[in-house]
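See below for the structure under consideration.
Residue numbers (this note's numbering): 525 to 706.
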């Protein structure tokens, strides 16, 4: 049932938001010259997939967890994208393709060993990663791997369709945030 809603909502989201995404793409061309960001992330059953986002950092920024990146790496336009969560819009393509869900644990990098171990120990990788979820609503990011994995596990164990819609609605109306940059 979740995959059905993910497919329908991501398709509708892409169709409705394409003018905004095109505008952000064009502005991003002027900001960094490379408006889209592609990165290998850990997916369901620990299989890699390519995450798509609008670029918020300078193209030469190293591939590490966001909380380890210096805030000077974020462009002014990128700061706006992060604060407004518009950098996440291209992930609707990941949801449409089935790599992600609208709701699930945020996908981590393969070099986040501690988080991978914590999530592995709790069986978090049995579900698709998501754009939002309980950890995002509670403002828990990847800088606290154990707490994040515990929260992801709790979300999976207590998951219902009502909570699926609750997390989406809370995120759309401004609750939560992405990973902090120090």
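Quick reminder that beta carbons are idealized off the backbone N, C-alpha and C, glycines included.
Which of helix, strand or coil DSSP assigns to residue i
i: residue 697; result: coil
i: residue 598; result: strand
i: residue 560; result: strand
i: residue 654; result: strand
i: residue 667; result: coil
i: residue 543; result: helix
Nearest neighbour of residue i, chosen from the options [CA to CA]
i: residue 528; options: 622, 612, 628; result: 622
i: residue 712; options: 597, 561, 576, 544; result: Within the shown structure, residues of the chain are numbered from 525 to 706, placing residue 712 beyond reach of any answer.
i: residue 557; options: 650, 626, 548; result: 548
i: residue 615; options: 551, 689, 585, 625; result: 625
i: residue 649; options: 581, 597, 697, 571; result: 571
6 Å Cβ shell around residue i - same chain, five flanking residues per side excluded
i: residue 561; result: 577, 579
Spatial distance of residue i from residue j (CA atoms)
i: residue 612; j: residue 600; result: 17 Å
i: residue 595; j: residue 603; result: 9 Å
i: residue 642; j: residue 673; result: 6 Å
i: residue 687; j: residue 569; result: 23 Å
Residue burial classification, residue i (beta-carbon count within 10 angstroms, cutoff 16)
i: residue 706; result: Low confidence applies here, because residue 706 scores a pLDDT of 46, under 50, leaving its location unreliable; read the following figure in that light. It is exposed - the Cβ of residue 706 has fewer than 16 other Cβ atoms within 10 Å.
i: residue 664; result: buried
i: residue 545; result: buried
i: residue 598; result: buried
8 Å CB neighbourhood of residue i in its chain, flanking five on each side removed
i: residue 617; result: 534, 538, 576
i: residue 634; result: 564, 565, 566, 572, 640
Cβ-based neighbour list, residue i, same chain, cut-off 7 Å, excluding 5 preceding and 5 following
i: residue 692; result: 626, 627, 656
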